[in-house]
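Residue numbers (our numbering): 1047 to 1605.
Before any comments, here is the structure.
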RNA sequence: UGGGGCGUGGUGCAAUGGUAGCACAGCGGCCUUUGGAGCCGUUUAUCUUGGUUCGAAUCCAGGCGCCCCUGCCA
């Protein structure tokens, strides 16, 4: 699935160099380390593809490791969803592991640190710790508890573990340098008291390691070679290395890359959670969500996501990917594989005056006109009354409008040429019905006399077609960007696109009623659609629009 | 002078001392039984100043800009 033509990233180069130099004995071992406190989104997909992709390309392994060090935020529901999403994306891990698997070892290592005089129990309150830390420009100052003896620290740490102290009353800190310009090195907290039950370890622990104390050692235990993470962890690398060096254990290397930012959508877990909780979307799998479950529900294929990850590349520059590139990737993925069919989203009735009411013309139409290797067809009936798109008729056509208009001739795709002879309107002047005649010599759609028709429109028989619910989805945000770190004030909610979801009752050709749940089609001239796997019923599919087709006519119209 | 990361067309990604290329977007054209399939062409870029060099996006120095770091979150 991976294009070998894709340019290699700086990370690939690092891996290749390490392979060449024999740095890890020719091994490549990565890990994907999600915190189970939310659903995976397309940004995680980039990381999943990178980590698993690297292992695949260089014959290595990848662990799925849940970073479950904070029981106050993590839930089993998320663990299950994450596993499902990674598998759906197309990857299988070599081992399913948890940072919590290492809680005993991590505790023992903390004791080692204490014995080396490199960690101490601090009685300062959270507020005091913050004060003592100093600021970006001011050095911090030592805690009065910094010089406790190893014996006293050991005793206190053990009692922390035993549950003798309240949350927030004491922490275990590394003893590094309160004046370091790297704030993470100003005696970072290694353990805090959290009297919370853990999804996996239950009530065994009431002290939990912080990310900084758990991550590098977990990597070390698993023999990870390249520990890939996002840019905001660059500042943590000195601490990552300090821990491993202080313990004198195997040290992987941490490598950072820029996380994905996509325009017109929200990417922070906090905001996604808020959208769900406040009902702005129907759930984590709402097709508008950038979550993998949302994209899956919308009909996006994992192949498209993998191709997208390949396309956007990996670098250290913060950047925002244009939503249009994502949509392009979706179309490129579906274009070759999607069978074509006709569905009229916003129906307008057309009466073909010279076709008898009891007359039906049947056409055998290719599903894959774009692909000569596939020959499946279905039968499409033409009757006196049909539906076309409202947009495909104009009572007073604009210049260069090639579709139906009084006196104008168009092709009904796959069927015949029709000429508009008139139309009817309601009291408000809305067109309610269009009248046409067809040319019997053009059955099949070609004109024997060689006459050219500029417009070809799709259509569905009114009597033989069927109604089907069709839902259109557009980007969540009206604005291009959402600052991923801005507070989720009402502004973020106010910026939501009010038209991101629209349900229509479309008229679809008879064959589409047989669409299996999960089937994908291109509705000609409209876009790619997916028979919703949850709401579709036998004989009554519900379609989600995965992505629209580009529309050069709409584009050239002044707004 | 807190520390760190990063600056290439509108948006992204390449080029690793030797003609700045690719994708998306845009624009123009061809073609068309998807105006929305397909094809072709094309505008636009090395943050800045200086230095090294026959030659700099690439190396060096200064400046500027953006991002990250003051959780007992990850």
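All residues carry an ideal CB built from backbone N, CA and C; glycine is no exception.
Between the region 1087-1098 and the region 1306-1322, the count of C-beta pairs closer than 8 Å reaches three or more; the two stretches touch. Judged by DSSP secondary structure, residue 1172 falls within the alpha helix (DSSP H) whose first and last residues are 1172-1179. In this structure, the CA atom of residue 1586 is about 15 Å from the CA atom of residue 1549. Closest in alpha carbon position to residue 1214, among 1183, 1180 and 1254, is 1254. Closest by C-alpha distance to residue 1316, out of 1576, 1156, 1539 and 1360, is 1539. Between residue 1508 and residue 1406, the CB-CB gap reaches or exceeds 9 Å.
In the DSSP assignment, residue 1340 falls within the unbroken alpha helix (DSSP H) covering 1338-1344. A Cβ-Cβ contact shorter than 9 Å links residue 1135 with residue 1348.
Relative to residue 1578, the option among 1584, 1461, 1569 and 1588 whose CA is nearest is 1588. For residue 1419, the three-state secondary structure derived from DSSP is coil. Selection 1212, 1252 and 1383 evaluated against residue 1421 yields 1383 as nearest (Cα-Cα). Note on the region 1242-1285: whole beta strand (DSSP E) runs with a minimum of 3 residues are 1253-1255 and 1272-1276, in chain order. Within a 10 Å sphere around the beta-carbon of residue 1263 sit 16 or more other beta-carbons, which makes this residue buried. Cα atoms of residue 1472 and residue 1375: separation of roughly 43 Å, rounded to the nearest angstrom. Linking residue 1446 to residue 1558 through their CA atoms gives a straight-line distance of about 33 Å. The C-alpha of residue 1137 lies about 11 Å from the C-alpha of residue 1078.
In this structure, the CA atom of residue 1218 is about 38 Å from the CA atom of residue 1063.
Counting only runs of at least 3 residues, the region 1103-1132 fully encloses the following beta strand (DSSP E) elements, listed from N- to C-terminal order: 1107-1112. With a minimum length of 3 residues, the unbroken runs of beta strand (DSSP E) contained wholly in the region 1133-1166 fall at 1141-1144.
If you look at residue 1393, you'll find it in the beta strand (DSSP E) that goes 1393-1398. In this chain, the beta strand (DSSP E) harbouring residue 1303 covers 1299-1303. Residue 1285 is positioned such that its CB atom lies no closer than 9 Å to that of residue 1358. The alpha carbon of residue 1426 has as its nearest neighbour, out of 1419, 1451, 1462 and 1368, the alpha carbon of 1462.
Looking at the DSSP output, residue 1413 shares a beta bridge with no other residue. When Cβ pairs closer than 8 Å are counted between the two stretches, the region 1144-1151 is seen not to touch the region 1195-1212, the count staying below three.
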